[in-house]
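Reading through the structure tokens given below for one structure.
Numbering (full-length UniProt numbering), first residue to last: 1 to 363.
Shown next, in the form of structure tokens:
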């Protein structure tokens with residue numbers, strides 16, 4: 001039960017290697033990492049963070065510095081759900097979801113890090129339901145690649161230890177997408193886990209047509225076929241295909257995830273601790289999924305999510321995302337036979353190498 005004595009916020013703008021393109025955002029050149037360092041009166045340091053695709057990070061850092069940090073100083077880190085609700089209530093009028101959820105996420109993760117260190121527990125051991133391993137898939141940002149280049153990149157990931165693959169779709173010519181799906185399935189074999197992600201660029205009609213065309217390739221899920229705010233459109237797509245519909249990365253409260261599950265008929269929910277109000281928000285979504293007999297998956301920040309999913313008994317897949325946050329973390333990230341092993345270290349299992357961050361920083 002530590003009182004918060006000080007909070008420091010750090011902002012980093014970090015370069016991305018290669019030519020990373022998806023159907024909605026286009027080319028990705030940078031990503032942002034915002035770190036919250038929470039120091040308690042007992043001398044415990046908790047590290048939390050969030051990230052963006054290169055836009056909005058400064059606003060997140062300023063909301064933390066000017067609005068949330070002053071309200072959190074002197075607070076006791078004991079009831080993590082209550083602290084999370086307190087932060088949400090403090091700024092709800094101007095910012096439910098959106099940037100606020102990113103800012104809250106960084107502090108929530110830091111508070112979990114402190115609380116777990118106080119208990120001398122790893123995150124995967126938080127509830128006594130540690131998973132020995134969690135499944136992972138490689139999530140490529142690969143729409144810009146030719147079909148030949150796409151297959152070559154996947155071959156490299158298979159050699160690195162991945163056994164499950166997700167590719168981007170959403171080309172202007174749907175036949176190109178269909179051809180790529182067929183080629184990838186032929187490459188990885190009929191039994192390998194394989195999903196697709198449209199980054200919400202399709203209409204309902206296009207999504208249904210595309211889903212029907214690729215059903216024969218045994219697709220694990222069709223992610224973000226259309227605008228994630230349109231839950232009834234998701235329900236319509238789900239009604240017209242046998243492929244499970246997935247989303248979550250653009251849902252920034254657990255309430256939105258509940259609507260996606262109950263109205264949108266989403267069968268694969270994919271929250272992200274960076275924008276769903278942290279670990280507390282993620283566990284809320286995990287419970288929503290479990291109550292409906294579903295698994296919970298994760299988007300991005302795999303260096304943390306392997307430990308988050310390692311704590312729940314309805315763990316699905318950890319996305320091995322293309323934003324390399326793990327390259328700046330102190331703990332190594334190793335995939336073996338499509339599996340991650342959750343950390344045994346006390347805390348969330350994530351701390352950062354500041355020398356590497358400062359060397360790479362472009363801000």
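Every residue gets a Cβ at the ideal spot worked out from N, C-alpha and C, and that includes glycine.
Residue i, enclosing beta strand (DSSP E) - first and last residue
i, result
"residue 165", "165-168"
"residue 298", "296-298"
"residue 128", "Note, residue 128: premise wrong, no beta strand (DSSP E); not H, not E."
"residue 319", "315-320"
Limits of the unbroken alpha helix (DSSP H) element including residue i
i, result
"residue 278", "278-291"
"residue 233", "231-239"
"residue 247", "Per DSSP, residue 247 belongs to no alpha helix (DSSP H); it is in the beta strand (DSSP E), 245-247."
"residue 196", "Premise fails: residue 196 lies in the beta strand (DSSP E), 194-197, not in any alpha helix (DSSP H)."
"residue 358", "354-360"
"residue 329", "Neither: residue 329 is in no alpha helix (DSSP H) and is coded neither H nor E."
"residue 98", "98-119"
"residue 58", "57-63"
"residue 71", "69-72"
"residue 255", "254-262"
"residue 216", "No alpha helix (DSSP H) contains residue 216, which DSSP labels as neither H nor E."
"residue 308", "302-309"
"residue 152", "147-159"
Spatial neighbours of residue i in its chain, beta-carbon cut-off 8 Å, leaving aside the 5 residues before and after
i, result
"residue 116", "122, 123, 126, 346, 347, 348"
"residue 218", "185, 190, 194"
"residue 314", "286, 289, 290, 294, 295, 296"
"residue 73", "4, 5, 6, 7"
Residue environment, residue i, which counts as buried when at least 16 other CB atoms sit within 10 Å
i, result
"residue 323", "buried"
"residue 129", "exposed"
"residue 131", "buried"
"residue 175", "exposed"
"residue 152", "exposed"
"residue 103", "buried"
"residue 238", "buried"
"residue 180", "buried"
"residue 81", "exposed"
"residue 352", "buried"
"residue 55", "exposed"
"residue 18", "exposed"
"residue 79", "exposed"
"residue 14", "buried"
"residue 146", "exposed"
"residue 137", "buried"
Span separating the alpha-carbon of residue i from that of residue j
i, j, result
"residue 215", "residue 243", "7 Å"
"residue 93", "residue 59", "17 Å"
"residue 224", "residue 42", "44 Å"
"residue 213", "residue 191", "19 Å"
"residue 118", "residue 298", "26 Å"
"residue 38", "residue 67", "15 Å"
"residue 203", "residue 150", "25 Å"
"residue 259", "residue 234", "11 Å"
"residue 162", "residue 226", "28 Å"
"residue 441", "residue 173", "Because the chain spans 1 through 363 in this model, residue 441 falls outside it and cannot be assessed."
"residue 187", "residue 165", "11 Å"
"residue 340", "residue 334", "6 Å"
"residue 277", "residue 330", "24 Å"
"residue 363", "residue 247", "31 Å"
"residue 99", "residue 182", "38 Å"
"residue 88", "residue 338", "36 Å"
"residue 354", "residue 320", "23 Å"
"residue 263", "residue 256", "10 Å"
"residue 228", "residue 245", "11 Å"
"residue 49", "residue 61", "10 Å"
"residue 222", "residue 250", "15 Å"
"residue 168", "residue 75", "43 Å"
"residue 316", "residue 34", "27 Å"
"residue 400", "residue 120", "Here the chain comprises residues numbered 1 to 363, so residue 400 is not present and cannot be evaluated."
"residue 95", "residue 32", "20 Å"
DSSP beta-bridge partners of residue i
i, result
"residue 50", "34"
"residue 184", "None, per the DSSP bridge assignment."
"residue 134", "340"
"residue 15", "30"
"residue 2", "77"
"residue 272", "Note: residue 272 sits in no beta bridge, so no partner."
"residue 10", "35"
"residue 223", "197, 246"
"residue 40", "4"
"residue 45", "39"
"residue 347", "122"
Same chain, Cβ closer than 7 Å to residue i, neighbours up to 5 away in sequence not counted
i, result
"residue 357", "12, 328"
"residue 282", "271, 273, 276, 308"
"residue 114", "2, 38, 40, 44, 46, 77"
"residue 178", "213, 214"
Proximal residues to residue i (C-beta, below 6 Å), its chain only, five neighbours per side dropped
i, result
"residue 97", "252, 253"
"residue 91", "67, 100"
"residue 69", "7"
"residue 211", "222, 241, 243"
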